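Line by line, the protein sequences give chains Z and B. Under this note's numbering, think of the first position of the first sequence as 1294, with each following residue one higher. Under this note's numbering, think of the first position of the second sequence as 1297, with each following residue one higher. Here a beta-carbon is modelled for each residue, glycine too, at the ideal position from N, C-alpha and C. In this text the structure is predicted, and so the values were computed from the model without any measurement. Single-structure report; data block below.
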Amino acid sequence: MNKDWVLTQDAFDALLAWLSPARDEAGRKYEDIRRRLIKIFACRGCGEPEDLADETINRVSVKLKELESYSGEPALYFYGVANKIHLEYLRQRRVTMAAAAPEPSSDIEKEYECLDRCMQQLTPKNRELVLQYYQHEKKAKIDNRQILAKQLGIALNALRIRAHRIRVSLQECVQTCLGEATT
Amino acid sequence: MIVNSKEQQTIREYLLGGPSQEDLSRVEKRLLTDNAFYEELVIGEDELIDQYLNDTLSLSERQSFETHFLAAPERQKKLRFARTFHKYLALTTPSALDTAENVPDEEPDIAKTPVKENFFSFLPFTNSIVSYSLAAAILVAVGGVAWVIFNNWGAQTTLPGTTYVATLTPGLTRDSGEVKRLSLPPATGTVQLRLVVTSDEDQSYRAELLNSERTSVLVFNDLKPQNQNGERLIQFAIPARILKRDDYQVRLSIRRSDGSYEEIPSYQFRVND
């Protein structure tokens, strides 16, 4: 896999212009495509999904001049290139099993402290919602969620999405907190 | 675009590495172009992780989860966060949701609030230097008290109320019907666990208490075995209030000279009503 080429500012600007004439919109599209390429490589079991996504973007940038006549959805063009990158990756990779190493107990404690702090930063209503949603188990959990959705006057799936967004924000907050703790 | 239950199942198979080549391409193209579908996949990841930690995946799903799903570092991070989150949930009881009817349908509040902000906002000083100094003094004092409590916790510590002593032997499983059952009287303040150790090694041990969701509830480090009446015992005390009606496992590990831990057969017990 050729990783020598790096994305220059000019090439990046040209890529954004290809994605959308509006710079903000182009930036959003770029972030969306990159995030989703990472997810796709991760779903295919690749150990370095960020590197592979960046390599895909680099390859597309190199071909921009050839793409002037391309009229399809840009994300799908990235997908075609990602497939080729993945094949190259499969040919070159050394098989490694990704066993999650046990974390030192001090790290676990730190993460717990961060989570506790992040929980306190939620609004009381969101804190209650996320605690209620994820508490209990099995049958009790299903019943509890139905009651919760009814109380909130929303469908079960809307509750599921809302609870998950809070959970994602908690995880991001914890990552930030852990980053601050180590710097 | 709304994702239906059949598509949710396809996403689940995709996450576990199972779909056909045709499905794979269809799913991935949609991932790139459909926001709702992408969000559904991210939700599916967390739900799989929860099911893994709750031990509700089938054997084949569990194998796929461990060999395929966890290959990506970001998912290992998610798993780690989920463990902490489960632990938090196990130790936290939400109050009645009597004010939640009007939860706004908005982005979660945390993303907009940097962690550093408001950290010492409870202090009555506008001068941040004074606030931080006072906070530091409080932290030192609290930390000192916590250190004293922590270092006295374990074998000797008892809380108000009676102490319930339970002796556990290794290797009993839930399926064998031999699980030690604890019926804690209401006045119990402390549960003293005595683990019979078959190993004769003198290194220090670590004990981790896990609930039935495999969520870590408590961890004890640097435990030393003691000889009593011809048995080698590891002992530590648990506040009775954290033990709910549930199945528990005590995972015991020996600390090796290189600092690593080697797991040895675990202990099971059940807390009855």
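Determine the extent of the beta strand (DSSP E) in which B/K1476 is found, giving its start and end residues.
K1476 to L1478
Is there at least one Cβ from chain B nearer than 8 Å to Z/A1393's Cβ?
Low per-residue confidence applies at Z/A1393: pLDDT is 48, beneath 50, and the placement is therefore not dependable, though the value from the model is reported in the following sentence. It does; some Cβ of chain B falls within 8 Å.
I'd like the list of long-range same chain contacts for Z/V1467, defined as Cβ closer than 8 Å, with 5 residues on each side in sequence excluded.
E1404, C1407, L1408 and C1411
Chain Z contacts made by the region 1299-1315 of chain B, where a contact means CB separation under 8 Å:
Y1310, L1311 and G1313
Name the residues in the region 1310-1340 of chain Z whose C-beta lies less than 9 Å from a C-beta of chain B; which are they?
D1325, I1326, R1328, R1329, L1330, I1331, K1332, I1333, F1334, A1335, C1336, R1337, G1338, C1339 and G1340
Nearest residue (CA-CA) to Z/V1299, options Z/Y1382, Z/V1353 and Z/S1462:
Z/V1353
Local Cβ density within 10 Å of B/S1360, reported as buried at 16 or more and exposed below that:
buried
For B/N1331, does the three-state DSSP call read helix, strand or coil?
helix
Does the CB of Z/H1379 have a neighbour CB from chain B at under 8 Å?
no
For B/T1463, tell me which candidate among B/Q1304, B/K1325 and B/R1528 has the shortest Cα-Cα distance.
B/R1528
Need the endpoints of the beta strand (DSSP E) that B/F1381 sits in, please.
Element bounds for B/F1381: not the beta strand (DSSP E) but the alpha helix (DSSP H), P1369 to A1386.
If you draw a straight line from the alpha carbon of B/S1500 to that of B/A1378, how long is it in whole angstroms?
28 Å
Throw me the rounded Cβ distance for the Z/L1449 and Z/A1456 pair, which I believe falls under 8 Å.
So it is not a contact: roughly 11 Å between Cβ atoms.
Residue range of the unbroken alpha helix (DSSP H) whose run includes Z/E1425:
Correcting the residue identity first, residue 1425 of chain Z is Gln in this sequence and not Glu. Looking at the DSSP string, the run of the alpha helix (DSSP H) that includes Z/Q1425 is P1417 to Y1427.
Can you tell me whether B/T1380 is buried or exposed, with buried defined as 16 or more other CB within 10 angstroms of its CB?
buried
For B/L1366 and B/L1375, believed in contact at Cβ under 8 Å, the rounded distance
7 Å
Let me know the secondary structure DSSP gives B/A1536 once reduced to three states.
helix
So, at 7 Å on beta carbons, what are the nonlocal neighbours of B/T1494 in its own chain, with the 5 sequence-adjacent residues on each side left out?
P1466
Would Z/F1334 be called buried (16 or more neighbouring beta carbons within 10 Å of its own) or exposed?
buried
Are there 16 or more other CB atoms within 10 angstroms of the CB of B/V1546, so buried, or fewer, so exposed?
buried
Three-state class that DSSP yields for B/Y1557 in the structure shown:
strand
Look up Z/L1360 in the DSSP assignment and say whether it is helix, strand or coil.
helix
Chain Z beta carbons: is any one of them nearer than 8 Å to that of B/E1337?
With the sequence shown as reference, residue 1337 of chain B is identified as Leu, and Glu is not the correct amino acid for it. So, interface residue.
Flag Z/L1360 as yes if its beta-carbon sits less than 8 Å from any beta-carbon of chain B, otherwise no.
no
Looking at the unbroken beta strand (DSSP E) that takes in B/F1516, where does it start and where does it end?
S1512 to L1519
From what residue to what residue does the alpha helix (DSSP H) around B/D1496 run?
Where B/D1496 is concerned, there is no enclosing alpha helix (DSSP H), given that its DSSP letter is neither H nor E.
Starting from Z/L1309, trace the alpha helix (DSSP H) both ways and give me its first and last residue.
Q1302 to L1312
What's the call for Z/Y1363, buried or exposed, on a 16-neighbour Cβ count within 10 Å?
exposed
Please list the partners that B/L1353 has in chain Z, where partner means a Cβ-to-Cβ separation under 7 Å.
Going along chain Z, no residue has its Cβ under 7 Å from B/L1353, so there is no contact; the nearest lies around 13 Å.
Under a three-way DSSP split, which group does Z/S1341 fall into?
According to the sequence as given, residue 1341 of chain Z is Glu; it is not Ser. Residue state, collapsed to three classes: coil.
Status (buried if at least 16 other CB within 10 Å, exposed otherwise) for B/F1532
buried
Segment contact, 8 Å Cβ cut-off, at least three pairs: the region 1410-1424 of chain Z with the region 1534-1549 of chain B:
no
May I have the straight-line CA-CA distance separating B/F1416 from Z/Q1413, to the nearest angstrom?
Interpretation of B/F1416 is limited by its pLDDT of 46, a score under 50 that renders its predicted location unreliable; no figure is taken from the coordinates.
Can you name the residues of chain Z whose CB is closer than 7 Å to the CB of B/D1342?
H1457 and R1460
List the whole-angstrom C-beta distance separating B/Y1544 from B/L1506, where the pair is believed to meet the contact cut-off of C-beta under 8 Å.
7 Å
Would you say Z/L1345 reaches chain B, if we count a Cβ-Cβ gap shorter than 8 Å as a contact?
no
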